[in-house]
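Chemist:
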Amino acid sequence: MSGAANPSANGMGSKTAPYMLILPAILFAFWIIGYPIYDLANMSVHSVNRFGVTTTFNDFNNYSRLFSHQLFVGMLVRTLIWTFGVVVGTIVLSVPVALILNEKFFGRQIARIIIMLPWAVSLTMMAIVWRWSLNGQSGMVNATLYQFGMLQSPIEWLATAGTAFPIEIAVGILVSIPFTVTVFLGGLSSLPSDIFEAARIDGASAWQRFRYLTMPLLKPFLNIVLVLNFIYVFNSFPLIWVMTQGDPANSTDILVTWLYKLAFRYGELGMASALSVVMFLILLALTITYAMLAMRNERRN
Amino acid sequence: MHKTGTRRVLSLLAGAAALVGMSTASDAATIRVVLGYYSAATQGLFEEMAKDYMSKHPGDEVKIEVIQWDNLQQRLTTDIAGGTAPDISMIGTRWLLDYVKNDIAEPMDSYITPEFKAGFIDAFLAPSTLDGKLYGLPIAASARAMYYNKDLLAKAGVNEPPANWDGVVDTAKKIKALGGDSYGFALQGKEIETDAYWYYSLWTHGGEIIKDGKSGVASPEAVAALTLYKSMIDDGLTEPDPTGLNRQDIERLFKQGRVGMILTGPWLRGQIKDEAPTLNYGIAPIPEGTTKATYGVTDTLMVFKSSPNKELAMKFLTETVFTPEWRIKFSKAEGFLPVMKEEAKAFADDPQLKAFTDMLAYAHFAPAVANWEQMVDAIIAALQKTYTGQSQPEPALKEAAATIDGLLQQ
C-alpha cells in the first residue's frame, strides 16, 4: 500500500520507515514505564533505609523476609479472594445489565447514563459514603433497618471480617460495573443483526441465541474486560483502605494495602519494593497465561 | 545576525546566572519552617511569630509552611531523600529516633543556655533527649484523662466520678441498668491510637510495653488489663462491637451524651464547646488499678543538620517560639498543655486543665525504640482479635509479644 502511495520508495525504506516513526514514542514509553520498574527492582535487592537511601546488596534478604513473614500467605489468599470475587461478580452482573440496556425500550438512554454515572465518582468518595452509610451508630443502613423494625440493636457492619470483607467485595463489584457494562454494550452494538434474524427464522429460542451466538461473539470483549478488571481490582487500594484500613487484625488486608503500610507506616522500603516486584510478576504471569489461553482458543475456533 | 543572536542569548544567560547568584546570597538569611496542622489557627499563629521575629531582626526571613499531619512524615522523607529538607520542622517526637540514627537531626545543647533549658517542664523534655543529647523542643504536649457525663452518672445514682477500675465497672453496670441507648464506658477498637486506649489499662495495672529490652505485653499485668476490657465488652458495659469505632466515633457518642465515661485528651474540651455546649461533663484522672498512670504525647520542633542557617533557626526558636508570651498564645489557641514553667502559671486557675496537668507526674511516653509503628500494629491486632472474640487475651498478647521481641532484636 505504501508502495502505491509512494512509488519512489524502495522496499527496504518502506519497511523500516514506520518503525522509525514510532521509535521516539517507544523509547519514551520505555523510559516512563521501564525506569520505575528498574528502580524498584534495584531497590528490592538492596538495603534501604526509611529515607530511600540504598546501601549494600543484601542477598535477596528483602525477598526472604517477605516470603517468611507470618502475614504474607494470608494477604495473598485474601487478595485472590478479593480479586476473583469482584471480577467474577462484576461480569455475572454486567452481562444481563448490558443485554437489557441493548434492548430498545422507553428511557433507554437515561438508563444507560444512570449505569455509567458512578464511573465519574472517585473511588475514595464512594468508599467514604459507604463507610458512613455502614456506621453502626449513625449510619443510613442501620437507620433504614430500624425503620422497618428489622433491627433491635445496632450492627457494626465493618467491625468484623465476616461482614466487612463481603461488603467490600460487593462495593468493589458496584464500582466495576459501569466500565464493564460499557465495554459489553460496545461489543453488543457491533454484533451483526442478520445472523440473529437467521437464527430466529430457524427457530432458535432466546436462550439458544444467547448461548450459541451472543456469548461466543462477545468473547473478545469478555477477554478484555477480564484482563483489565483483574489488573485494576488486584491493585485497588482506596476502597479497602478507606473502609477498614485492613482492620480488624489484618482480616481485610490485601497485598496492596499491606504494601502501603510497609512503605509509609513502617518505613520498610526494601520489603515494600520486593512486594511490589512480586505483585508485578503475579499480574504479568496471570495476564500472559490468560492471553495465551485466549489466543489458543481463538485459533482452535 | 546569527552570531549576535548567540551573543544575546549568552548575555541573557549571564544575567540570569547573576540573578540566581544574588537570590541565593539573599537566601542565606532565610529559614524555612515546616509545621503540622493542628487547627485553623496554626498557620496564622506562626506567621505572626515569624513577623515578630523579623521585626526584631531586619534582613532575616522566616517562611512558614503548614502541612496535614497525615502527609508530614512522607513529605519530610521525600525532602530529605531529595536533599531539600527545610531548616526547622515539627515532627512526632517518636520519629526523632530514626532522624538521629540517620544523622539528620542537629543536637541543640550547644545553642541553648542552661537557664533556657530549665524553663521547660522536665517530663516533656525527656522524650526528645536521646543518649543524653537534646534533639528537639516540645511544641505541643498532651496527657489523657477521663471525661464523664455528669447528668448520665447522676441518673444512674453515681455522684462522684469513679477513681478506680472497680468503680468504672460498677458505674457502667448502673448506666446499663437504666436501659435506653446509652453505654457506660466507651472503648475504642480501630485505627490510630487503638493501642493507646489499652495502655491506660496496661499502665494502671502496673504493666509496661517494653521492659528491660523485652516485650511486656504478655505479662500477667497486661493479660489482666485486657481481660478487664474484654469482660466489659461481654457484659455489655461498652458500646457493642468496639472494633467498628475509631477515636472520632467514640468521641461523637460522648458528645451526643450517650456514653458515661471516655478516656481521651484535652482537645475534646474544645470540640464540646463548639458542638455540644449544653453537655454537662467533668474531667477526672484516668481510673486507678494498682497504680496511677496516663499517656503523655509530645510533638517536637527539630533543626536539620543539613541546614546552612542552624544558628538563625535556633534563634527563632529560643527568642520567639519558646518565649512565655508566644507559648501562652499558642496553648490558648490550640488547647494543648503548657510545656514551660512560666507558661504554666497562666493556666494555673483553669480547673479542667488542672485535671490533665495533675496527671503529668504519672505520665508514660511511647518507648523510644526502632520499628515502633510495626509493634503498635501487632498490639492492635492482638486487641482486635480479643475484642471480636477471635482469640483469648493471653494467646493474642503472646503472639504480639513474640512479634515485638523479634522486632527488638533486629
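Chains as they are written, first to last, in this note's numbering: chain A, 1 to 301; chain B, 302 to 711. Using N, Cα and C, we set each Cβ at its ideal position, and we do this for glycine too. Treat the numbers as computed from the prediction; the structure is a model and nothing was measured.
So, I240(A) versus T180(A), is the Cβ gap smaller than 8 angstroms?
Modeler: No. Outside cutoff.
Chemist: Assuming A464(B) and I563(B) form a contact by the criterion Cβ under 8 angstroms, report the distance between their Cβ atoms to the nearest whole angstrom.
Modeler: A464(B) to I563(B), Cβ: 16 angstroms. No contact.
Chemist: Report the residues of the segment 154-180 of chain A with a CB closer than 7 angstroms to any CB of chain B, ordered along the chain.
Modeler: Correct list: P154, E156, L158, A159 and T160.
Chemist: Take every Cβ of the segment 539-547 of chain B, pair it with every Cβ of the segment 451-462 of chain B, and state whether three or more of those distances are shorter than 8 angstroms.
Modeler: Contact between the segment 539-547 of chain B and the segment 451-462 of chain B is absent, because fewer than three Cβ pairs lie under 8 angstroms.
Chemist: Taking DSSP as the reference, what is the three-state secondary structure of P36(A)?
Modeler: Reduced to three states, the DSSP call for P36(A) is helix.
Chemist: Quick one, which of T379(B), P541(B) and L529(B) has its alpha-carbon nearest H506(B)'s?
Modeler: Of the candidates T379(B), P541(B) and L529(B), the one whose C-alpha sits nearest the C-alpha of H506(B) is L529(B).
Chemist: Mind checking G636(B): buried by the 16 CB within 10 Å criterion, or exposed?
Modeler: The residue in question, G636(B), is buried, as its Cβ has 16 or more Cβ neighbours within 10 Å.
Chemist: Report the CB separation of W466(B) from P588(B) in whole angstroms; it is logged as a contact under 8 angstroms.
Modeler: Confirmed, about 5 angstroms.
Chemist: Check the Cβ of N49(A) against every Cβ in chain B and list those closer than 9 angstroms, keeping chain order.
Modeler: Under the 9 angstroms cutoff, chain B gives D399, K402 and N403.
Chemist: For G270(A), return the contacting residues in chain B, with the cut-off set at a CB-CB distance below 8 angstroms.
Modeler: Within 8 angstroms Cβ-Cβ: nothing; G270(A) doesn't reach chain B, min ~12 angstroms.
Chemist: Would you decide whether D328(B) is buried or exposed? Buried here means 16 or more other CB atoms lie within 10 Å of its CB.
Modeler: Per-residue confidence for D328(B) stands at a pLDDT of 45, beneath the threshold of 50, marking its modelled position as unreliable; no derived number is given.
Chemist: Leaving out five residues on either side along the sequence, give the residues of the same chain with a beta carbon under 7 angstroms from the beta carbon of G514(B).
Modeler: So the list reads L709, once near-sequence residues are dropped.
Chemist: Work out the CA separation of V129(A) and M140(A) for me, nearest whole Å.
Modeler: Taking the straight line joining both Cα atoms gives about 10 angstroms.
Chemist: Would you please verify whether the beta carbon of D328(B) is less than 8 angstroms from any beta carbon of chain A?
Modeler: The predicted model places D328(B) with a pLDDT of 45, which falls under 50 and marks its position as unreliable, so this point remains unresolved.
Chemist: Return no unless some Cβ of chain A is closer than 8 angstroms to the Cβ of I422(B).
Modeler: Not closer than 8 angstroms to any Cβ of chain A, the Cβ of I422(B) fails to qualify, so no.
Chemist: Got a sec: is the Cβ-Cβ distance from L314(B) to anything in chain A below 8 angstroms?
Modeler: With a pLDDT of 47 at L314(B), under the threshold of 50, the modelled position of that residue is not reliable, and the figure given next carries that caveat. It does not; no Cβ of chain A falls within 8 angstroms.
Chemist: Answer yes or no: do Y501(B) and Y596(B) have a C-beta to C-beta separation smaller than 8 angstroms?
Modeler: Taking 8 angstroms as the Cβ cut-off, Y501(B) and Y596(B) qualify as a contacting pair.
Chemist: Three or more C-beta pairs under 8 angstroms: does that hold for the segment 578-594 of chain B against the segment 432-452 of chain B?
Modeler: With the cut-off at 8 angstroms, the segment 578-594 of chain B and the segment 432-452 of chain B touch.
Chemist: In this structure, what does DSSP give as the bridge partners for K265(B)?
Modeler: Past the boundaries of the shown model lies residue 265(B); chain B is included only from 302 to 711, so the question cannot be answered.
Chemist: Which same chain residues, not among the five before or five after L151(A), have their C-beta less than 8 angstroms away from its C-beta?
Modeler: Same-chain partners within the cutoff: N142 and L145.
Chemist: On a CA-only basis, which of V175(A), T214(A) and M75(A) is nearest A120(A)? Give me that one, please.
Modeler: Cα-wise, what sits closest to A120(A) is V175(A).
Chemist: Buried or exposed: which applies to N229(A), given that a residue is buried once 16 or more other Cβ atoms fall within 10 Å of its Cβ?
Modeler: By the neighbour-count rule (16 or more Cβ atoms within 10 Å), N229(A) is buried.
Chemist: In chain B, what lies closer than 7 angstroms to R265(A) by C-beta?
Modeler: Within chain B, the residues near R265(A) are E674.
Chemist: Quick check on DSSP: helix, strand or coil for T55(A)?
Modeler: Strand.
Chemist: Between T591(B) and chain E, is any beta-carbon pair separated by less than 8 angstroms?
Modeler: Looking for chain E here will not work: the only protein chains present are A and B.
Chemist: Taking the alpha carbon of L602(B) as the reference point, which residue from K593(B), V622(B) and T591(B) has its own alpha carbon closest?
Modeler: Minimum Cα distance to L602(B) is reached at V622(B).
Chemist: Which ranges does the beta strand (DSSP E) cover as unbroken runs of at least 3 residues, wholly within the segment 469-548 of chain B, from first to last along the chain?
Modeler: Runs found: 484-486.
Chemist: For T565(B), which option in I422(B), D600(B) and I493(B) has the closest C-alpha, if you only look at C-alpha atoms?
Modeler: It is I493(B) whose Cα lies nearest to the Cα of T565(B).
Chemist: Does G545(B) come within less than 8 angstroms of chain A when only Cβ atoms are used?
Modeler: With 8 angstroms as the cut-off, G545(B) counts as an interface residue toward chain A.
Chemist: K611(B) lies in the alpha helix (DSSP H); which residues open and close that run?
Modeler: K611 to F617 is the span of the alpha helix (DSSP H), which, as asked, contains K611(B).
Chemist: When the Cβ atoms of the segment 333-340 of chain B are set against those of the segment 348-368 of chain B, are three or more pairs found closer than 8 angstroms?
Modeler: A contact exists between the segment 333-340 of chain B and the segment 348-368 of chain B.
Chemist: Does the distance from the CB of N223(A) to the CB of A294(A) come in under 8 angstroms?
Modeler: Cβ distance < 8 angstroms, so N223(A) and A294(A) count as in contact.
Chemist: Determine, using beta carbons only, whether P541(B) comes closer than 8 angstroms to chain A.
Modeler: Yes, P541(B) counts as interfacial toward chain A.
Chemist: Can you check whether the C-beta of Q691(B) is within less than 8 angstroms of a C-beta belonging to chain A?
Modeler: At least one chain A Cβ lies under 8 angstroms of Q691(B).
Chemist: If you draw a straight line from the alpha carbon of L538(B) to that of L453(B), how long is it in whole angstroms?
Modeler: Going by the C-alpha atoms only, they are around 14 angstroms apart.
Chemist: Starting from the N-terminal side, write out each stretch of the alpha helix (DSSP H) that is 4 residues or longer and does not extend beyond the segment 137-186 of chain A.
Modeler: With a minimum length of 4 residues, the continuous alpha helix (DSSP H) runs that stay inside the segment 137-186 of chain A are 140-147.
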